[in-house]
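Taking our numbering, the leading residue of the sequence shown gets 1, the next gets one more, and so forth.
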Amino acid sequence: MEGLIAIVLAAGLGTRMNSNGQKVLTRLFGRSMLLYIISKLKGLNLERIIVVVGHQKEEVKKELEGEKIEFVEQRGLLGTGHAVRQVEPYLSFCKNDILVLCGDTPLLTLSTLKNLIAIHKKEKAAATILTTNFLDPTGYGRILRNGDGSVEGIIEELDASPKERFIREINAGVYIFQKELLFAALCEIKPDNIKNEYYLTDTIRILRRRGKRIASYRTDDPDEILGINRKEDLIRAEEILKRGKNGSM
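As structure tokens, then:
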């Protein structure tokens, strides 16, 4: 497998932060969340890094000035699936697998990304998902598994049944896909959910329905996939960094 192409999602509004600024530019000890992510990606043997921008796109571009980064704009914030699909025209001649992650998870570790890549290669999977277990999974998509333990799909909390909301294994929002299978599945997703958005997570169920192999890697440290969505999350992330727990400083 050739070097991966990374797609970083950094277009959203981040309204729950109660700020007019772009969420991924929120500072942790003087450094933006987005730069934490980019620094980890630079530790991998990547072919390209593409950042999907939208809200306050010029500020995001300025933050990454001098970095070897490409930018793709998402016009109309219609969900994660829509965001990734905007990149397809720029990958016409590429056969690389695609690593997708969000710009608001600054505690994600390099070792976990390497383990996820290793599992994807070993399993020769159509898609590989990063997961973890939360005692309180509120707010996160849940991992749906079959009786044999294989991944069946991901259900977002707003669309989950009461029974599904008891599932503690959550989707960390980090994936690796075979490129052609990813974009073929993205063509099939529909915004038939409560938020009326195109969910990237729906591609997992589509690929599984086609009989494709879905792999997963579960990190034992749920702190590292903490998404910074609220002021409380930011305070918690700062506490984790102060302890130097995951080496993200």
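Note that the Cβ used here is the ideal one computed from N, Cα and C, for glycine as well.
As the structure is a computational prediction, the values presented were derived from the model and not from experiment.
Secondary structure of Gly66, DSSP reduced to three states: Locating residue 66 in the sequence shown gives position 66, where the first residue counts as 1. Gly66: coil per DSSP, three-state reduction.
Cβ-based neighbour list, Ile49, same chain, cut-off 6 Å, excluding 5 preceding and 5 following: Taking the first residue of the sequence shown as position 1, residue 49 is located at position 49. Ala6, Leu41 and Ile69.
Contained beta strand (DSSP E) runs [length at least 3] in the segment 111-141, N- to C-terminal order: Segments of the beta strand (DSSP E) lying fully in the segment 111-141: 127-133.
For Arg208, the three-state DSSP class (helix, strand or coil): As a working note, residue 208 is residue 208 in the sequence shown. Helix.
Selected residue, minimal CA-CA separation from Leu135, among Gly76, Leu113, Gly153 and Phe166: As a working mapping, residue 135 is identified with position 135 in the sequence shown. Looking only at Gly76, Leu113, Gly153 and Phe166, the smallest Cα-Cα distance to Leu135 is reached by Phe166.
Three-way DSSP call (helix, strand, coil) for Gly21 in this model: Walking along the sequence shown from the start, residue 21 turns up at place 21. Residue state for Gly21 is assigned as coil, using DSSP reduced to three classes.
Segment contact, 8 Å Cβ cut-off, at least three pairs: the segment 189-203 with the segment 215-224: Result no; under three Cβ-Cβ pairs closer than 8 Å.
Buried or exposed (CB count within 10 angstroms, at least 16 for buried), Glu63: Residue numbering aside, residue 63 sits at position 63 when the sequence shown is read from its first letter. Of the residues assessed, Glu63 falls on the buried side of the cut-off, its CB having 16 or more other CB atoms within 10 angstroms.
Classification of Ala185 by the beta-carbon crowding that lies within 10 angstroms, buried from 16 upward: Counting from 1 along the sequence shown, the entry for residue 185 is found at position 185. Per the 10 Å Cβ criterion, buried.
Where Ser216 sits in the DSSP three-state scheme: Sequence index remark: in the sequence shown, residue 216 carries index 216 (1-based). Here Ser216 sits in strand by DSSP.
Buried or exposed (CB count within 10 angstroms, at least 16 for buried), Cys94: Here residue 94 corresponds to residue number 94 of the sequence shown, with the count starting at 1. Cys94 should be labelled exposed.
For Leu130 and Asn45, the rounded distance between their alpha carbons: Start at 1 with the first residue of the sequence shown, and residue 45 comes out as number 45. Start at 1 with the first residue of the sequence shown, and residue 130 comes out as number 130. About 19 Å.
Spatial neighbours of Gly43 in its chain, beta-carbon cut-off 7 Å, leaving aside the 5 residues before and after: Translated into positions along the sequence shown, residue 43 becomes position 43. Hits under 7 Å: Leu110.
Range of the contiguous beta strand (DSSP E) that encloses Phe177: Locating residue 177 in the sequence shown gives position 177, where the first residue counts as 1. For Phe177, the enclosing beta strand (DSSP E) covers residues Glu169 to Phe177.
CB contact flag (Thr112, Thr219, <8 Å): What you label residue 112 is simply residue 112 of the sequence shown in a count that begins at 1. What you label residue 219 is simply residue 219 of the sequence shown in a count that begins at 1. Yes, they are a contact pair.
For Gly153, the first and last residue of its enclosing alpha helix (DSSP H): Your numbering for residue 153 matches position 153 in the sequence shown. Premise fails: Gly153 lies in the beta strand (DSSP E), Val151 to Ile155, not in any alpha helix (DSSP H).
Leu264 versus Ile176 - alpha carbon distance: This structure gives no information on residue 264, because the portion of the chain shown stretches from 1 to 249.
Spatial distance of Gly81 from Leu9 (CA atoms): Within the sequence shown, numbered from 1, the residue matching residue 81 stands at position 81. Within the sequence shown, numbered from 1, the residue matching residue 9 stands at position 9. Cα to Cα, Gly81 sits roughly 10 Å from Leu9.
Whole-angstrom distance between Ile225 and Glu67, CA atom to CA atom: Your numbering for residue 67 matches position 67 in the sequence shown. Your numbering for residue 225 matches position 225 in the sequence shown. Spanning the two alpha carbons is a distance of roughly 24 Å.
Exposed unless 16 or more other CB atoms sit within 10 angstroms - verdict on Thr138: Walking along the sequence shown from the start, residue 138 turns up at place 138. Flag for Thr138 reads exposed.
For Leu28 and Tyr90, the rounded distance between their alpha carbons: If you number the sequence shown from 1, residue 90 lands on position 90. If you number the sequence shown from 1, residue 28 lands on position 28. When rounded, the distance between both Cα atoms is 32 Å.
Buried/exposed call for Lys231, threshold 16 Cβ in 10 Å: The residue you call residue 231 lines up with position 231 of the sequence shown. An exposed status is given to Lys231, since fewer than 16 other beta-carbon atoms sit within 10 Å of its beta-carbon.
Other residues of its chain near Met1: CB distance less than 8 Å, five sequence neighbours each side excluded: As a first step, residue 1 must be located in the sequence shown, where it is residue number 1. Residue confidence for Met1 is low, a pLDDT of 46 falling below 50, so the modelled location carries little weight; the figure read from the coordinates is stated next. Excluding residues within five positions, the ones whose Cβ falls inside 8 Å are Asn96, Asp97 and Lys121.
Residues near Phe71 by beta carbon distance below 7 Å, same chain, minus five either side: Residue numbering aside, residue 71 sits at position 71 when the sequence shown is read from its first letter. Closer than 7 Å at the Cβ level, and outside the excluded window around Phe71, lie Val51, Val53 and Lys61.
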